[in-house]
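Novice: At position 84 of the sequence shown (counting the first as 1) the number is 102 in the working numbering, and the numbers step up by one without a gap.
For reference, the structure I am asking about is given below.
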Amino acid sequence: MFRKEIGKVIFSIFLFLSFFGLYVMSARTYETPAYITLERDWDRADKESDEPPATFPHLVHQEQFYCYTCHPSVFKIGGNKMVHDDFDNGKFCGACHNGVITWHVDDAEDCEVCHR
19 MFRKEIGKVI
29 FSIFLFLSFF
39 GLYVMSARTY
49 ETPAYITLER
59 DWDRADKESD
69 EPPATFPHLV
79 HQEQFYCYTC
89 HPSVFKIGGN
99 KMVHDDFDNG
109 KFCGACHNGV
119 ITWHVDDAED
129 CEVCHR
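Here it is, written out as structure tokens:
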């Protein structure tokens with residue numbers, strides 16, 4: 019009888035820790051910005067460009083993908099300096115927005131899709 023009760027207690031603790039672990043590991047439990055302004059690499063950028071920096075819809079991507087889909091392989095958490103040519107080389111946004119996985123950055127209807 020005692021072994022049966024111990025088994026129930028251990029199972030209950032295991033179940034609680036499992037659900038708690040899933041909750042803690044869930045990307046949606048972390049506070050992240052809905053939009054991120056991407057930083058231009060001025061050492062490599064067209065200095066004559068009057069385009070505003072691109073704004074990344076982080077929340078939209080976060081609702082569709084797990085954090086590890088992009089972090090740290092595509093984007094380092096905490097900032098990445100980039101220029102538009104990086105996308106054509108499959109870096110940053112261009113890792114997925116390449117015309118194969120999803121629409122290509124150059125196929126956007128206008129620049130304001132990213133540059134708001």
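For glycine and all other residues, C-beta sits at the position ideal for the given N, C-alpha and C.
Using the C-alpha atoms, what's the distance from residue 120 back to residue 114?
Specialist: For residue 114 and residue 120, the gap between their C-alpha atoms comes out near 6 Å.
Novice: Is it the case that the Cβ atoms of residue 1 and residue 101 are separated by a distance below 8 Å?
Specialist: In this structure the chain extends from 19 to 134, so residue 1 is not present and cannot be described.
Novice: Provide the residue span of the alpha helix (DSSP H) that contains residue 78, from first to last.
Specialist: 76 to 82
Novice: Does residue 69 come out as helix, strand or coil in the three-state DSSP assignment?
Specialist: coil
Novice: Contact check, residue 104 vs residue 112 under 8 Å by CB: the rounded distance?
Specialist: 6 Å
Novice: Taking residue 131 as the reference, which of 33, 73, 109 and 49 has the closest Cα?
Specialist: Closest option to residue 131, Cα to Cα, is 73.
Novice: For residue 130, which of helix, strand or coil comes out of DSSP?
Specialist: helix
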